[in-house]
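Counted from 1, the sequence shown has number 48 at position 44 by my numbering; the numbering is strictly sequential.
Inspection log for the structure reproduced underneath, given as structure tokens.
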Amino acid sequence: MRVSASKPIYVETFIHTEMESIWRATQDPAKHEEWDLRFSKIEYIPKEDEEEKQRFRYVTNIGFGLRIEGEGVTTPGKYQDQERMSALLFSSDQAISLIQSGGGYWRYIQEDQGVRFLTRYDYKTRFYFLGKWFDRMIFRPLMGWATALSFDVLKIWLEKGIPPKVSYRQLLIHAIVTFGLMFTWIYHGLVPKLLTQDAQELALLKGVIGSEANAVLLLQVVGMLEIAAGILCLLLHRQKALYIFNIAAMLLLAIGAAISDISVFLAPFNPATLNMAVCLLAWIGCMTLTHLPSAKHCIRKQP
């Protein structure tokens with residue numbers, strides 16, 4: 005089976021800043037490694053001759069104590085009044101590195117309100133057919149996403165003055181909140197309502213509607229709705245309305261429980277503690293939405 009050739013990775017964004025600001029943030033290795041998610045460390049190799057092209061080393065930590073190391077060559081390229089370009093070649097001799105060698109460029113185009121910043125790069129892979137398949141299905145989309153996310157972090161840094169490490173920490177907190185809300189809704193819909201029926205919840209519903217059979221059916225319907233709410237927490241995690249819904253739902257459920265049987269608030273792990281925890285999670289999630297970086301803010305297809 006033949007794997008078709010993959011398209012080069014292309015990412016473009018527009019940054020309201022000056023040419024020199026974005027040039028320094030992308031050409032200085034110390035600044036570059038701050039915002040670029042693809043690299044853990046970048047350092048220039050000292051030149052023996054000023055006319056030599058600038059060589060550099062890069063390191064990417066991939067977890068479990070493993071790291072990918074490689075070298076590259078960067079060329080500032082052409083300068084014009086309204087445009088600059090920087091070309092680079094890179095490669096890795098490590099046997100575990102999927103990327104064998106590659107190259108690309110950064111292009112900076114000055115416009116009235118700022119700088120249009122874009123990149124296009126491609127690479128060859130190791131491991132023959134398996135490497136090409138893995139690259140096409142998983143690695144290349146991941147690299148494109150990481151590049152676009154990094155560009156948006158750079159944009160936020162230059163436009164809003166928010167350091168990259170703060171943006172990445174904010175994104176991590178947002179991801180934890182999203183998972184927490186999703187897990188809470190799905191677990192409480194699946195385990196105590198669909199897989200088993202909690203005796204206390206059944207008793208509460210039976211006291212309201214008077215029929216045990218109808219109480220079981222209603223509990224199952226509520227379970228499916230809670231699972232749907234958990235899925236929505238993942239799909240709509242960047243929408244402020246989602247967090248308002250979570251807070252409102254927890255308050256309404258707490259009021260409903262109090263009306264049905266106020267004694268439930270005396271039990272361990274009662275609605276007061278659970279609902280308050282979910283409300284706090286939703287409140288934190290809502291706060292993380294301001295200037296939250298996203299790969300979707302960038303153009304991913306070359307015009």
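Each residue gets a CB set at the ideal place from its N, CA and C atoms; glycine is no exception.
Own chain partners of residue i with C-beta closer than 7 angstroms, once the 5 adjacent residues on each side are dropped
| i | result |
| --- | --- |
| P297 | L153, D156, V157, I160, S171 and L175 |
| M186 | G234, C237 and L238 |
| Y1 | This structure gives no information on residue 1, because the portion of the chain shown stretches from 5 to 307. |
| C302 | V15, E16, T17, A152, F155 and D156 |
| T129 | L102, I103, Q104, G135, K136 and D139 |
| Q117 | H20 |
| L285 | V181, G184 and L185 |
| R304 | Y14, V15, G148 and A152 |
| K35 | R28 and A29 |
Buried versus exposed call for residue i [16 or more other C-beta atoms within 10 Å across all chains shown]
| i | result |
| --- | --- |
| E38 | buried |
| G67 | exposed |
| L3 | The chain is shown from 5 up to 307; residue 3 falls before or after that span and cannot be answered. |
| P307 | exposed |
| I13 | buried |
| N250 | buried |
| Y112 | buried |
| L92 | buried |
| I313 | Nothing about residue 313 can be reported from this structure: the residues present for the chain run from 5 to 307 only. |
| I190 | buried |
| D53 | exposed |
| V195 | exposed |
| D85 | exposed |
| D40 | buried |
| V225 | exposed |
| R144 | buried |
| I46 | buried |
| P50 | exposed |
| G106 | buried |
| G165 | exposed |
Limits of the unbroken beta strand (DSSP E) element including residue i
| i | result |
| --- | --- |
| F43 | No beta strand (DSSP E) holds F43; DSSP gives it neither H nor E. |
| Y127 | G118 to T129 |
| G106 | I103 to E115 |
| V226 | From DSSP, V226 is part of no beta strand (DSSP E) but of the alpha helix (DSSP H) over E216 to L239. |
| A354 | As shown, the chain starts at 5 and ends at 307. That puts residue 354 outside it, with no answer to give. |
| G74 | L70 to T79 |
| I66 | Q58 to G67 |
Beta-carbon separation (whole angstroms), residue i vs residue j, contact threshold 8 angstroms
| i | j | result |
| --- | --- | --- |
| D126 | G108 | 7 angstroms |
| A258 | A276 | 7 angstroms |
| F269 | A262 | 7 angstroms |
| A29 | L162 | 6 angstroms |
| V181 | G289 | 4 angstroms |
| L198 | G227 | 4 angstroms |
| P80 | S90 | 6 angstroms |
| G193 | I231 | 4 angstroms |
| H178 | T294 | Contact flag wrong, Cβ pair sits at about 11 angstroms. |
| I213 | L223 | Not really, about 11 angstroms apart at Cβ, beyond 8 angstroms. |
| M23 | Q114 | 5 angstroms |
Same chain, Cβ closer than 6 angstroms to residue i, neighbours up to 5 away in sequence not counted
| i | result |
| --- | --- |
| S44 | V63, T64 and N65 |
| R88 | Y112 |
| A299 | W149, A152 and L153 |
| L229 | none |
| Y240 | Correcting the residue type first, residue 240 is Leu in the shown sequence and not Tyr. Taken in chain order, the residues that qualify are L246. |
N- and C-terminal bounds of the alpha helix (DSSP H) containing residue i
| i | result |
| --- | --- |
| A262 | K244 to S264 |
| S154 | R144 to K164 |
| Y14 | First-last for Y14: I13 to I19, but that is the beta strand (DSSP E), not the alpha helix (DSSP H). |
| V170 | P168 to L194 |
| C290 | P275 to M291 |
| A29 | M23 to Q31 |
| F138 | Y132 to F138 |
Cβ-based neighbour list, residue i, same chain, cut-off 8 angstroms, excluding 5 preceding and 5 following
| i | result |
| --- | --- |
| L255 | N279 and C283 |
| W287 | Y247 and I251 |
| I100 | L70 and I72 |
| A253 | A233 |
| S2 | Only positions 5 to 307 of the chain appear in the structure, and residue 2 is not among them; the question remains open. |
| V220 | Q201 and L206 |
| R42 | T64, M147, A150, T151 and S154 |
| P167 | E38 and W161 |
Residue-chain proximity (residue i, chain D), Cβ-Cβ < 9 angstroms
| i | result |
| --- | --- |
| L122 | In the structure shown, chain D cannot be found, because there is only a single protein chain. |
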